[in-house]
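First the structure, in the form of structure tokens, and then the observations on it.
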Ligand code: PEP
Ligand code: MG
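Residue numbers (full-length UniProt numbering): 3 to 876.
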């Protein structure tokens, strides 16, 4: 297989090749070259080579360096420079680039090709000795760090000595002479720590660097990043070798990072930052605080204009917002990278809608462009206006990623992780973040940095995650050792609460009250388009009128699961539930149930009203009874006093209800088999509520759902009881109008899937309870999986938590079988899902594929499910 793909004026080999082969960066360099943008020429080594490298026990495949050699020859010809030359040397950068972007996760080596001779050559060619030796010292430093694994600090000591000698404090003030000395010193440091001389042969430098980039694919931080991002099944990274251009050749040079549109808001305005007289890494690392590109015309109007042209060319080519890196060398613009820009959920929605308006994409494409999970960011909290107006603003940084975060500062990634695991809300406070911090960043509710800009590591990563981030708050002085921060004379420690506003960049003292977000017009537009394409209905899991209302506002088309047990926990109700459980005689149970009935009826009426005209699936009592009783002695005593019984009797009853495996015990329909009076009360309440609504001309469509059915006989028997109770209630109320009540079952026991045809004979509908189904199919206790899940994920036994994303290979087969068998007995059987998976995009896609009629999920996830359902249908 071809291992190396050249891009340049003479030839662009990678155009249109798969991203999986060339990586994102490699492919885009080829694409940009082919559409005539000014890209410094170079070549890409494929991800297949990375795979071969690991398969061969970390050995570069034979023949690779020959192909690399040929590509170098082509470069030398195109640029009329020579590798290692003493008058006009070719210099290259070596960078990683996987198929999925992993910002700052992997290694980069710049200025490769410099040695004692070619550095003099560079000095001659550029007529700038200082520049040449500065480039050389950077190479030795980076090569030491990245290829030889040296500690950056070792070089810093040497640099400090030189600065002292020349009596300067800034790197840029060291004269050429000093940098020459520094290169000698660096070579010594290098030799001392690696036991080898710094390699003078550029080809040897290149070979070692290629290996180092491949090696960086499996560093802890890269592995961790892929784990957090759920990036799997990639061959490895590609290596991009590209001729160098310099942004640090003087005040007519510079470098920058930009987005073709605003990645926070989606606004169609070129957005980014640049630094004059600097190399690209200086911007990303956040060492110096750059200027916004809007200021660029003051410095160089022509380049700014050219960049706006580049924006147009790129957006027309990719029909997508791009994230670019560029360098200006002595007044000439070069494009170093382009990729699809990461953006907030808000920006994603706006950009998708705007691109439709600009006729770059159609509605269908717009629906496909937005990651359903990113919608959570549109549903993110912000600060209440009154609260934030009253809040004490400590300082202001860059509004790097929107949202509102309230928490206590932690000063290292580890501390953030530990304290978060102990239950605290944490704001990670760092000078700047680096890839090593990703775990702590993921643990934090918000991130605050004191240097760097809107394109620094912290900003890019936080934005990708939809996490609130304020960057570059330069008034914040951080003392990591003493675990405190100082801002305008105030000192705050680990127990002081701060609030971050990622939308304005403000840092506030104390916990500022937050509020739920409002949805934009573009959001509504996108949702409307999504609704046009999807065929799956989206319902919600809700058990109160308030939740039902919220879910309807989010577009829910009914309730797929109302867990009636949640209604029993309120203080004025639980008491009756408990006395029902304690009762020994049916008569006493009925008495207690009669007291619960009005509560249930009222709730149901409220829900029917909120869902007027839409179906409401109500599940009969499901959990084991012990869940309603107190387990602490003090609480048992309290309950005894309230009910006027002996505490010892309560204890006895609790002991009697004790089960070794309560989730496999006396719960679900088994309760109704033993205590039919519970079913009767609930069905009576539902029927009366429906009648009351009918009288008020509110359409109610209750669907009574019997849980945990494993054999058709359970359903047949209980269905009979439900029908009997409905008839009795109607007669007692002398109601003569129409009632639309259907009776169905949950399919959540594997045997129910296997015998779904028998069960369907007695059901008007099925609803898959994939929580229990997953529990029983895997044999993993839903409540105890935390004990081993992390090991299972880490050792890649599981790709994801099967309680979050449906296991399509295994549990999915049961679902499919249940659908096929159920519909074989009853063709028009209505089937849905109400397990947690109903709001998970990939599970929604599965539900669409196997022909369900609807998914049901928590109110907050309804828009996510709507969009996911549309994407599944397109
Ligand atoms: C289920 O099992 O998937 C379900 C929705 O019911 P619960 O989670 O209440 O057991
Ligand atoms: Mg269940």
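Glycine residues also receive a C-beta, built at the ideal position from the N, C-alpha and C atoms.
Our two residues, residue 415 and residue 850, have alpha carbons roughly 40 Å apart in a direct line.
Here DSSP, grouped into helix, strand and coil, assigns residue 832 to strand. Take the alpha-carbon of residue 614 and the one of residue 574: they are about 27 Å apart. For residue 706, the enclosing beta strand (DSSP E) starts and ends at 703–708.
When C-alpha distances from residue 453 are compared across 424, 560 and 284, the shortest belongs to 284. In terms of side-chain proximity, the C-beta atom of residue 543 is found no nearer than 6 Å to any non-hydrogen atom of the ligand MG. Boundaries for residue 372: no beta strand (DSSP E) harbours it, and the DSSP string shows neither H nor E there.
Between the alpha carbons of residue 715 and residue 724 lies a distance of about 14 Å. In the structure shown, the three-state DSSP call for residue 221 is coil. When the beta-carbon positions are compared, residue 377 and residue 37 stay at least 7 Å from each other.
The DSSP-derived three-state label of residue 308 is helix.
DSSP places residue 67 within a helical segment (H, G or I) once states are collapsed to three. Residue pairing for residue 563: DSSP places it in a beta bridge opposite 543. DSSP places residue 94 inside the beta strand (DSSP E), whose first and last residues are 94–100. By the CB criterion at 7 Å, residue 188 and residue 176 fall outside the cutoff. In the structure shown, the three-state DSSP call for residue 336 is strand. For residue 803, the CB contacts under 8 Å within the same chain, skipping 5 residues up- and downstream, are 787, 791 and 795 in chain order.
Residue 595 places its beta carbon 7 Å or farther from that of residue 529.
DSSP lists 261 as the bridge partner or partners of residue 273. Set against 6 Å, the gap from the CB of residue 759 to the closest heavy atom of the ligand MG is not smaller.
Relative to the non-hydrogen atoms of the ligand PEP, the Cβ of residue 311 never comes closer than 6 Å to any of them. Screening all residues for a C-beta within a distance smaller than 6 Å of any heavy atom in the ligand PEP leaves 563, 565, 624, 750, 771, 772, 773, 774, 836 and 837, in chain order.
For residue 157, the enclosing alpha helix (DSSP H) stretches over residues 154–167. Residue range 671–676 is occupied by the alpha helix (DSSP H) that includes residue 675. Less than 7 Å divides the Cβ of residue 28 from the Cβ of residue 46. Residue 279 and residue 210 have their alpha carbons spaced roughly 29 Å apart. In chain order, 581 place their CB closer than 6 Å to the CB of residue 645, counting only its own chain and leaving out the 5 sequence neighbours on each side. Taken atom to atom, the span from the alpha-carbon of residue 22 to that of residue 238 is near 9 Å. Looking at the DSSP output, residue 748 shares a beta bridge with 769. Judged by their CB atoms, residue 342 and residue 864 are not nearer to each other than the 7 Å cut-off. If you draw a 10 Å sphere on the C-beta of residue 708, you find 16 or more other C-beta atoms in it, and that means buried.
Three or more beta-carbon pairs separated by less than 8 Å are not found between the stretch 840–855 and the stretch 495–511, which leaves the two stretches without contact. Three or more pairs of CB atoms, one per stretch, sit closer than 8 Å, so the stretch 616–633 contacts the stretch 668–677. Leaving aside the five residues that flank residue 479 on each side, the residues in its chain whose CB is nearer than 8 Å to its CB run, in chain order, 452, 487, 488 and 489.
Residue 571 counts as exposed, since fewer than 16 other C-beta atoms from the protein chains shown sit within 10 angstroms of its C-beta. By the Cβ neighbour-count rule, residue 61 is exposed, with fewer than 16 other Cβ atoms within 10 Å of its own.
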